[in-house]
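When we follow UniProt numbering, the leftmost residue of the sequence shown carries the number 1, and every step to the right adds one. Beta carbons: idealized from backbone N, C-alpha and C, even for Gly. Report on the structure given below.
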Amino acid sequence: MDSQIIISGGGPIGSYLASNLKECSVQIMEEHSEIGKPVQCTGLVHPRVVELANAEESVLNVIKGFRLFFPDGRVLEVKTDEAKAVVIDRCRFDNICCDSARKSGAVINTDSRIIDFKREHNGLAVSYMTDNKNNEINTNLLIGADGYKSHVGTCAGLGCAKEIVRGIQADLEVTMPDQDLVEVYVGKEVAPGFFAWILPCGEFTRVGVGISKGNGIPSKYLDSLIEKRGFGEVNRTQTYSGVIPIGYPKSTYADNIMIVGDAAAQTKPLSGGGLYTGMQCAKYAAETALDAVNSNNYSAAFLSAYEEKWKSEIGKELDRGMIIRKVFTGMSDKRLDEAGKLLDKPEAREIIATGDIDYPSKLARPLLKSVPSLMKLAPGALKTLLLGR
Ligand SMILES: Cc1cc2nc3c(=O)[nH]c(=O)nc-3n(C[C@H](O)[C@H](O)[C@H](O)COP(=O)(O)OP(=O)(O)OC[C@H]3O[C@@H](n4cnc5c(N)ncnc54)[C@H](O)[C@@H]3O)c2cc1C
1 MDSQIIISGG
11 GPIGSYLASN
21 LKECSVQIME
31 EHSEIGKPVQ
41 CTGLVHPRVV
51 ELANAEESVL
61 NVIKGFRLFF
71 PDGRVLEVKT
81 DEAKAVVIDR
91 CRFDNICCDS
101 ARKSGAVINT
111 DSRIIDFKRE
121 HNGLAVSYMT
131 DNKNNEINTN
141 LLIGADGYKS
151 HVGTCAGLGC
161 AKEIVRGIQA
171 DLEVTMPDQD
181 LVEVYVGKEV
191 APGFFAWILP
201 CGEFTRVGVG
211 ISKGNGIPSK
221 YLDSLIEKRG
231 FGEVNRTQTY
241 SGVIPIGYPK
251 STYADNIMIV
261 GDAAAQTKPL
271 SGGGLYTGMQ
281 CAKYAAETAL
291 DAVNSNNYSA
301 AFLSAYEEKW
311 KSEIGKELDR
321 GMIIRKVFTG
331 MSDKRLDEAG
341 KLLDKPEARE
351 IIATGDIDYP
361 SKLARPLLKS
371 VPSLMKLAPG
381 ALKTLLLGR
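Okay, here's the thing in structure tokens:
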């Protein structure tokens, strides 16, 4: 074997995975020439993500609360004294993760795009393109950390995400007065099927919009939000877009194969955040990969331990997030306004203030108990959440 493990994708999850695979030979193949570019992320994460990656240097700002804007103009404000989230410089973050993979012994190959693989003996012959040339490398285990389009997952027939959300954002040369509050906007006019955000990042401000499929061009919604917020004349230093996969596929492993991170749509259905969940899953992918190397067993039956582990850690949160997302996307603006009215009460705000951005569904039960009239918004689905199924 040229390498015991090959990771397709040098994004944060591929690198974090490699940094947890010290005891074996690992090569990362990244199609781009530079790690961390292009950036396709807002960079809002819980501080635990920065701790996991030892990436304190990538932090740009600390967020302690939010203002949630409803279609009728109601603003639900929740402020806390805690660092609820931090804004990171994603390019810096990705490079820190990659350095740590390198320190753990992984070889990083940039400009190397995996195009195919075929089974040979007990392993895989993986084809990749570099310098316009077709090359081949042999491995026992190929792990797809290759993002939402996951070539590895597709070729292995693992299925795809249930849904995609398209996001676009711009960095504006404007400083927000309240640096510790993120603004969030919901409603069909602003961001159909998802939400929009205005995130203070110190000397600049990141404005973004996510929309679900079939709602036209995301940039139209971004321009309209920027205009509406009074930033129409402000200089945009960067604009970038990306895709968020939502709803994990039918399987995340096969003989000699695993997929992780966005490749396995291990994102939070409510916010689209995928760094924490992807890193959690990468930890289990690494554990299973090391067990596979030690037992020289790369069969699907053996690798199924990976899926069992990641599902037992975050599967329930992702499933509950999916139920809430369905309730949210099924609501008209009028219904959203009703929800806003019900939530804009001191007792509800107090509960929301205890929330954790990585486990948003944990708020559902206390909120439904404290404000039972929320049940009428979607009785069937919300009852399922309340009963904890
Ligand atoms: C607009 C937007 C905003 C977001 N905001 C947040 C946020 O605030 N917080 C948060 O936690 N998450 C956020 N996310 C999600 C987050 O960006 C992803 O969950 C995260 O990047 C997943 O990391 P990954 O390594 O799995 O995939 P990626 O970051 O997509 O990395 C995959 C890598 O694989 C490479 N690759 C792909 N195909 C091949 C191939 N065939 N061969 C070799 N290399 C290949 C790609 O070049 C890429 O470098 C956001 C996403 C979007 C689109």
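**Message:** Looking at the secondary structure, which residues open and close the alpha helix (DSSP H) in which D116 lies?
**Reply:** What you label residue 116 is simply residue 116 of the sequence shown in a count that begins at 1. Here D116 belongs to no alpha helix (DSSP H); instead the beta strand (DSSP E) covers 113-120.
**Request:** Could you name each continuous alpha helix (DSSP H) segment of 4 residues or more that falls completely within the stretch 45-113, going from the start of the chain to the end?
**Result:** 47-53, 90-103
**Message:** Given the structure, does S219 come close to ligand 1, in the sense that its CB is under 7 Å from one of the ligand's heavy atoms?
**Reply:** As a working note, residue 219 is residue 219 in the sequence shown. No, the beta carbon of S219 sits no closer than 7 Å to any heavy atom of ligand 1.
**Message:** For a test of the three-state rule: what should DSSP assign to T205, helix, strand or coil?
**Reply:** Looking up residue 205 in the sequence shown gives position 205. Note: T205 maps to strand in three-state DSSP.
**Item:** Distance between R90 and E82 (C-alpha atoms, nearest Å)
**Value:** Within the sequence shown, the letter at position 82 stands for residue 82. Within the sequence shown, the letter at position 90 stands for residue 90. Whole-angstrom Cα-Cα distance: 22 Å.
**Message:** Can you tell me whether H121 sits near ligand 1, meaning its C-beta is under 7 Å from at least one heavy atom of the ligand?
**Reply:** Along the sequence shown, one-based indexing puts residue 121 at 121. Flag unset: Cβ of H121 not near ligand 1.
**Message:** Nearest by alpha-carbon distance to G105: which of Y16, L141, T42, D72 is it?
**Reply:** Locating residue 105 in the sequence shown gives position 105, counting from the first residue. Of the candidates Y16, L141, T42, D72, the one whose C-alpha sits nearest the C-alpha of G105 is Y16.
**Asked** From V45, S112, Q4, G167, pick the residue whose C-alpha is nearest to that of N140; which is it?
**Response** Taking the sequence shown and counting its residues from 1, the one referred to as residue 140 is at position 140. Selected option, being the one with the closest Cα: Q4.
**Prompt:** So which of D2, E189, N20, K376 has the shortest CA-CA distance to K283?
**Reply:** The count along the sequence shown starts at 1 and reaches residue 283 at position 283. For K283, the nearest C-alpha among the options comes from N20.
**Simplified DSSP assignment, three categories, for T288** = In the sequence shown, counting from the first residue as 1, residue 288 sits at position 288. It is helical.
**Message:** Do P200 and Q169 count as a contact pair if the criterion is CB distance below 8 Å?
**Reply:** On the sequence shown, position 169 is the one that residue 169 refers to. On the sequence shown, position 200 is the one that residue 200 refers to. No, they are not a contact pair.
**Item:** Secondary structure of G14, DSSP reduced to three states
**Value:** Here the question's residue 14 lines up with position 14 in the sequence shown. Residue state, collapsed to three classes: helix.
**Inter-residue spacing [alpha-carbon to alpha-carbon] between P269 and A125** = Residue numbering aside, residue 269 sits at position 269 when the sequence shown is read from its first letter. Residue numbering aside, residue 125 sits at position 125 when the sequence shown is read from its first letter. Going from the Cα of P269 to the Cα of A125 covers about 35 Å.
**Asked** Quick one: does the C-beta of D2 sit closer than 7 Å to a heavy atom of ligand 1?
**Response** Sequence index remark: in the sequence shown, residue 2 carries index 2 (1-based). Every heavy atom of ligand 1 is 7 Å or more from the Cβ of D2, so no.
**Endpoints, the alpha helix (DSSP H) within which I352 is located** = Indexing the sequence shown from 1 puts residue 352 at position 352. Counting along the chain, the alpha helix (DSSP H) containing I352 begins and ends at 346-352.
**Message:** On a Cα-Cα basis, can you pick out the residue from D319, G380, I351 that is closest to K162?
**Reply:** Residue numbering aside, residue 162 sits at position 162 when the sequence shown is read from its first letter. Checking every option, the nearest Cα to that of K162 belongs to D319.
**Asked** Roughly how many angstroms separate the alpha carbons of T252 and E173, rounded to a whole number?
**Response** The residue labelled residue 252 in the question sits at position 252 within the sequence shown. The residue labelled residue 173 in the question sits at position 173 within the sequence shown. Approximately 41 Å, taken between the alpha carbons.
**Straight-line Cα distance separating G43 from L142** = Within the sequence shown, residue 142 is the residue found at index 142, counting from 1. Within the sequence shown, residue 43 is the residue found at index 43, counting from 1. C-alpha separation (whole angstroms): 28 Å.
**Prompt:** Is it the case that the CB of D146 approaches a heavy atom of ligand 2 more closely than 7 Å?
**Reply:** Annotation note on ligand 2: not contained in the displayed structure, which lists ligand 1 as its ligands.
**Request:** With a threshold of 16 other CB atoms inside 10 Å of the CB of L387, please say whether the residue is buried or exposed.
**Result:** Start at 1 with the first residue of the sequence shown, and residue 387 comes out as number 387. Counting Cβ neighbours within 10 Å, L387 comes out exposed, since fewer than 16 surround it.
**Message:** In the DSSP assignment, the alpha helix (DSSP H) including G321 goes from what residue to what residue?
**Reply:** Here residue 321 is taken as the residue at index 321 of the sequence shown, counted from 1. Unbroken alpha helix (DSSP H) run through G321: 316-329.
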